[in-house]
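Asks: Numbering (the working numbering), first residue to last: 28 to 434. Where a beta carbon is used, it is the ideal one built from N, C-alpha and C, also for glycine. The structure displayed is predicted, hence computed values, not measured ones. Sharing a structure here in structure tokens format.
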Ligand SMILES: [Zn+2]
Ligand SMILES: [Zn+2]
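The structure is reproduced here in structure tokens:
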């Protein structure tokens, strides 16, 4: 049976060794020239096996890496020290190697016709990673590590990138007048100015800030973001089962969250309630934001002149099950492209009416502008309740009652 070293020797036989010249190469750099041949060996072991095949070399420091590969223990020490303050379960090592070393190495591969070489960067990452694994008792993760240590070999510096954590759940917004996400002041971009009363933001708080605050306190993160399955207007409440969301906490020092304590703290705010909290993966954000769930609303409508019940009911019925063309509303035209899109309202129920006002329960496709469906937005939404009734209408209150997502 062939040993791994036989594979290395076989890869080596095909190479143009006479072109190597007498300049010294360390065992690791020599072995790396056939680094992808022979399983389970270190490059230094490969290198020692190849010594007998290659031309004699002068003594001295390695001309290729300049002794870099003898320093992996030192790099592992530096990385371990840099990672120490952070809580993490999985990690990954990356490195930034002097580009001249990589260039020398690639030129050598071409010269010798190496068919199975490994790059110096890859060896460094692996060797430093192995040492950290042993020392820290943590697992490497090549796709979604909690933390990444990047070793800059030329300066003996280790940079740490801490990946965010994500908490998923549903929120109810119990009050009107707060936005879903923090709304920074456009004039000062958060610094604080006269326009925003020195707060740097347009609203005292937001669903995002209320939900993130206890998680930030627990984890020591540096920032947060809230990703929602759509968003309600600032002046609309979000009731019923609540809206699915994911809160992202940036650069957390601690990654374990007491979710029950978070729910208790949020629910005490009187502004927002959360339920069903769980830790989530970053990949869930895209799917959450793409969900096109139907929504059910409660709309309290006021009529400019009295509307009798029969007329209201038939007017409402005429809006159901047909495409409603909605040009981007005036109120959002400053931040959204001006276009016309069609949405379908699947149900409108008249819950109560007294001639002057009516309470409606409206179920519509995701993205339907409900206020505009009622008042018509100066003809930009067609048809509308105002148009059908021939009476100006105004939405006095709007609440989201249900989001019919699959969750
Ligand atoms: Zn070397
Ligand atoms: Zn400002």
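How would the residue list near ligand 2 read, in chain order, if you kept each one whose beta-carbon is closer than 6 Å to any heavy atom?
Replies: This selection yields 212, 214, 215, 219, 220, 222, 223 and 227.
Asks: Could you round the C-beta distance between residue 31 and residue 67 to whole angstroms and report it? I think they count as a contact, below 8 Å.
Replies: About 6 Å; that satisfies the 8 Å criterion.
Asks: Cβ of residue 174 within 8 Å of Cβ of residue 185?
Replies: Cβ atoms of residue 174 and residue 185: not closer than 8 Å.
Asks: Given a threshold of 16 other Cβ atoms within 10 Å of its Cβ, counted over all protein chains shown, does residue 139 qualify as buried or as exposed?
Replies: Classification of residue 139: buried, given that the 10 Å Cβ count is 16 or more.
Asks: Within 10 angstroms of its Cβ, does residue 265 collect 16 or more other Cβ (buried), or is it exposed?
Replies: Buried, by the Cβ-count rule.
Asks: Can residue 120 and residue 156 be called in contact, C-beta distance under 8 Å?
Replies: Result yes, Cβ atoms of residue 120 and residue 156 sit closer than 8 Å.
Asks: Helix or strand or just coil, what does DSSP make of residue 243?
Replies: DSSP places residue 243 in helix when its eight states are reduced to three.
Asks: Just tell me which of 85, 83 and 54 has its CA closest to the CA of residue 75.
Replies: For the residues 85, 83 and 54, the minimum Cα distance to residue 75 belongs to 54.
Asks: At 3 residues or longer, and completely inside the region 74-141: list those beta strand (DSSP E) runs for me, N to C.
Replies: As far as the region 74-141 is concerned, its whole beta strand (DSSP E) runs of at least 3 residues are 117-123.
Asks: Would the region 270-288 count as touching the region 238-246 if we require 3 or more Cβ pairs under 8 Å?
Replies: In short, these stretches touch, since the Cβ pair count reaches three.
Asks: Give me the Cα-Cα distance between residue 62 and residue 181, rounded to the nearest whole angstrom.
Replies: Approximately 23 Å between the Cα atoms of the pair.
Asks: Write down every uninterrupted run of the alpha helix (DSSP H) in the region 320-390 whose length is 4 residues or greater and which is fully enclosed by it, in chain order.
Replies: Here the runs fully enclosed are 336-344.
Asks: Within the continuous beta strand (DSSP E) that includes residue 11, where are the two ends?
Replies: No answer is possible for residue 11: the residues shown for the chain start at 28 and end at 434.
Asks: Thinking just about the alpha-carbon of each residue, which of 89, 394 and 109 is nearest to the one in residue 370?
Replies: With distances taken between Cα atoms, residue 370 lies closest to 394.
Asks: Does the distance between the C-beta of residue 304 and the nearest non-hydrogen atom of ligand 1 fall short of 7 Å?
Replies: No, since every heavy atom of ligand 1 falls outside the 7 Å radius drawn around the Cβ of residue 304.
Asks: So for residue 192, helix, strand or coil by DSSP?
Replies: Strand.
Asks: Quick one: is residue 64 buried, meaning 16 or more other Cβ sit within 10 Å of its Cβ, or exposed?
Replies: By the 10 Å Cβ count, residue 64 comes out buried.
Asks: Could you name the residues of the same chain whose beta carbon sits closer than 7 Å to that of residue 46, not counting the 5 residues immediately before and after it, in chain order?
Replies: Excluding positions up to five away in sequence, the list reads 138 and 139.
Asks: Kindly examine ligand 1 and report whether one of its heavy atoms sits closer than 7 Å to the Cβ of residue 181.
Replies: Because no heavy atom of ligand 1 lies under 7 Å away, the Cβ of residue 181 does not count as near it: no.
Asks: Closer than 8 Å by C-beta to residue 51: which residues in its own chain qualify, once you throw out the five before and the five after it? Chain order, please.
Replies: The residues are 84, 85, 86, 87, 88, 89 and 90.
Asks: What's the C-alpha gap between residue 144 and residue 60?
Replies: The straight-line gap from Cα to Cα measures roughly 4 Å.
Asks: Using a Cβ-based criterion (distance less than 7 Å to any ligand heavy atom), does residue 55 qualify as near ligand 1?
Replies: Yes, ligand 1 has a heavy atom inside 7 Å of this Cβ.
Asks: In the structure shown, what three-state DSSP assignment does residue 422 receive?
Replies: Reduced to three states, the DSSP call for residue 422 is strand.
Asks: Shortest alpha-carbon distance to residue 23 belongs to which of 287, 345, 56 and 384?
Replies: This structure gives no information on residue 23, because the portion of the chain shown stretches from 28 to 434.
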